[in-house]
Each structure stands twice: as structure tokens, then as C-alpha cells.
Amino acid sequence: MKWVVGILVVVAAGLTLAGCALTAKDIPYPVLEAKYGGPASHYMDLPGELRIHYRDQGRADGPAVVLVHGFAASLHTWEPWVTRLAPDYRVISLDLPGHGLTRAPEGYVAAQATNVAVVDELTRRLKADRFVIVGNSMGGGVSWAYALAHPERLNGLVLVDAAGWPREDKGNEKPPVVFKLLGNPAGRALLRNINPRPLATRGLKSAYVDETVVTPAVVDRYVELALAPGHRAILTSGRDGPQRRVDRSVFATIKTPTLVMHGEADTVIDVAAGRGLASAIPGAKLITYPGVGHVPMEQVPDRSVADLKAFLSSLPPT
1 MKWVVGILVV VAAGLTLAGC ALTAKDIPYP VLEAKYGGPA SHYMDLPGEL RIHYRDQGRA
61 DGPAVVLVHG FAASLHTWEP WVTRLAPDYR VISLDLPGHG LTRAPEGYVA AQATNVAVVD
121 ELTRRLKADR FVIVGNSMGG GVSWAYALAH PERLNGLVLV DAAGWPREDK GNEKPPVVFK
181 LLGNPAGRAL LRNINPRPLA TRGLKSAYVD ETVVTPAVVD RYVELALAPG HRAILTSGRD
241 GPQRRVDRSV FATIKTPTLV MHGEADTVID VAAGRGLASA IPGAKLITYP GVGHVPMEQV
301 PDRSVADLKA FLSSLPPT
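So the sequence shown is residues 1 to 318, counted in UniProt numbering.
Here you go:
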């Protein structure tokens with residue numbers, strides 16, 4: 001029955017998109033770099049033919065904070081926080097493979113473990129020996145996985161509407177149709193070829209909750225970066241790669257000081273997931289935001305960064 005339902009979802013989505021331009025050509029990297037790069041952008045070649053786009057901003061001798069974005073997003077989602085943190089902190093942000101301006105070879109399969117390895121290699125080469133890692137959504141999953149793999153390198157862990165909490169009850173989650181398509185092989189094949197704009201517009205409005213934040217420029221950024229060569233294939237490859245199975249006991253082993261932040265109106269990952277993470281990670285602090293959706297750092301940057309700074313200032317000096 002689940003298989004039949006999955007096929008019906010794919011068919012329905014295909015019919016919905018029938019009136020739209022179903023295909024879109026890739027946009028060359030030089031064009032995207034000219035529009036979405038800039039003086040703060042740098043690139044680093046890593047093993048596996050990866051060319052990572054990153055930014056290393058703020059106070060060079062300040063405590064390091066590493067920012068990891070969510071699925072289909074990019075380091076640009078952190079800019080409201082970067083401008084507010086820069087006077088006091090060294091702020092490193094990056095585009096994961098398949099996202100933003102980062103290049104990956106043909107056939108690259110995204111996975112949590114490979115994203116952890118990218119973060120580890122990049123920060124080591126940048127000589128950020130110890131840092132606070134902050135992750136939103138999928139990037140939150142990468143961040144807590146990093147805390148499990150490399151606790152000796154972390155001063156703190158911040159999970160912003162993070163993915164990965166195992167539970168049967170999905171609460172008030174009403175994820176965009178793109179996530180339903182990603183759960184089915186036929187849906188993933190469809191997503192590799194279609195124009196992402198119709199799905200992106202609807203999905204972003206659902207995730208942000210406040211539709212006024214979803215400006216044409218924001219939609220253009222998500223859509224155009226998704227059209228970077230190879231990105232659609234990588235974005236749809238995650239379900240094909242190895243899946244890590246976790247339960248509550250896994251989070252209980254995290255010893256890094258942790259802050260959990262979550263929008264109470266998040267329809268992508270219900271606030272119950274944030275509460276679960278905070279209850280499972282020893283000593284974790286939970287802050288929720290009424291009326292806020294999946295990206296508090298963009299929706300309520302002043303309030304959320306103030307909470308982040310309070311957490312950072314509470315950490316013991318290294």
C-alpha cells in the first residue's frame with residue numbers, strides 16, 4: 001500500500017507540474033559565482049575532486065563558530081547571523097557538496113558521513129582547531145554527527161530546527177511536496193530533471209511561514225543554485241546513500257555543551273523534535289520561538305543571535 005501511495009504522489013506531482021516548464025538547463029558555475037560569490041568567498045580543493053565554497057569572516061583571532069546550512073540551502077542563509085557575530089567571533093560558513101557554489105564530481109552521492117568529513121577537513125586546513133558548530137535542518141544532523149565523531153574539537157554544539165530526531169509521531173509537520181518526492185525512487189528521478197522553481201516557491205513559503213521573507217531574490221537564489229551543474233543529481237542522491245539509524249540513546253552520548261533552538265511554527269521539522277533532542281542530550285538548553293518557522297536565523301535574526309551569543313559567552317574559555 002505504501003508503494004502504491006508513493007506512486008500516486010509522484011503521478012499527482014507530475015500532473016501538477018504539467019503546466020510548468022518541466023525542464024531547466026544547468027547554469028554554469030562562473031555565472032553563479034559572479035552573482036552569488038563576492039569578496040568574502042573562497043574556494044578549497046579537497047579529496048574526492050571536491051571544490052568547496054566557504055567564507056571565513058569576522059575577527060580573525062576571535063573564538064571560531066562554524067555554520068552548516070540545511071538541505072537545498074547555502075551559506076547565504078547564515079548572513080544575518082554573520083554580520084551580527086563578526087565583530088567578536090571568527091565565523092566560518094561553507095556550502096556542502098551539491099549546494100551553493102561547491103563543486104563535486106559526477107556520480108557523487110551525498111551522505112551525512114561525507115558531510116562530516118568535509119567539515120572536518122575544511123576546518124583543519126583553516127587551522128580552526130576548536131570551534132562551536134552550528135547547524136540548521138540537515139546541517140543540524142551533520143552537526144550532531146560531528147559532535148559524536150570529533151568531540152575533542154568542539155567547544156559547543158548548536159542545533160537550529162535540526163534534523164535527525166527519531167520518532168513516529170510527526171506532530172504538525174506538513175513538509176513540502178519535494179520531500180515526499182525524495183522519499184520515492186520515481187520521485188527522485190523526476191526531481192533530477194524538472195525546473196525546481198514551482199516547487200521551490202511553494203516549499204520556501206511553507207518553511208519560512210512568514211511569506212514576506214520569501215522575496216523574489218530569495219527564490220531566485222535557491223532555484224539558480226540548485227541548477228548548478230550536478231546539483232540536482234546530488235540533492236536527490238541522499239536517499240540512495242547509506243542511512244544512519246539512531247535512537248534516543250545515541251544523543252545521550254553527546255557530551256558537548258549544547259543549545260537547541262527551534263521555531264514553534266516549523267512545518268518541516270516539528271518543534272517536538274527540538275524538544276526531544278534537548279531532553280536526550282545531557283545538559284542541553286532549549287529555546288523555542290513562537291510563530292517562527294524553519295529558519296529562525298533569517299526570520300528573527302536579532303532575537304536568535306542574541307540567544308546564540310548568550311550561549312557562546314557561557315562556554316568555558318579554551
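Note that beta-carbon positions come from the ideal geometry of N, C-alpha and C, so glycine has one too.
Each residue's CA atom was taken as its position, placing P80 and P47 some 31 Å apart.
Secondary structure note for L315: it is in no beta strand (DSSP E), with a DSSP letter that is neither H nor E. Its Cα nearest to that of I269, the residue V209 stands out among T253, V209, I194 and V223. In the three-state scheme derived from DSSP, where H, G and I count as helix and E and B as strand, Y289 is classed as strand. A Cβ-Cβ distance of about 6 Å is found for the pair Q112 and V142, placing them in contact under the 8 Å criterion. Assignment of beta-bridge partners to H53 by DSSP yields Y43. At a cut-off of 3 residues, the continuous stretches assigned as beta strand (DSSP E) that sit fully inside the region 125-150 are 131-136.
Taking the Cα of A162 as reference, the smallest distance to any Cα among M261, D302 and D56 is reached at M261.
Judged by DSSP secondary structure, L199 falls within the alpha helix (DSSP H) whose first and last residues are R197 to Y208.
Under the DSSP assignment, T258 falls in the beta strand (DSSP E) whose first and last residues are T258 to G263.
In the displayed model, I92 falls within a strand according to three-state DSSP. According to the DSSP secondary-structure assignment, R167 is paired through a beta bridge with no residue.
Beta bridge pairing from DSSP links V66 with I92 and I133. Around the CB of T258, 16 or more other CB atoms lie within 10 Å, so the residue is classed as buried.
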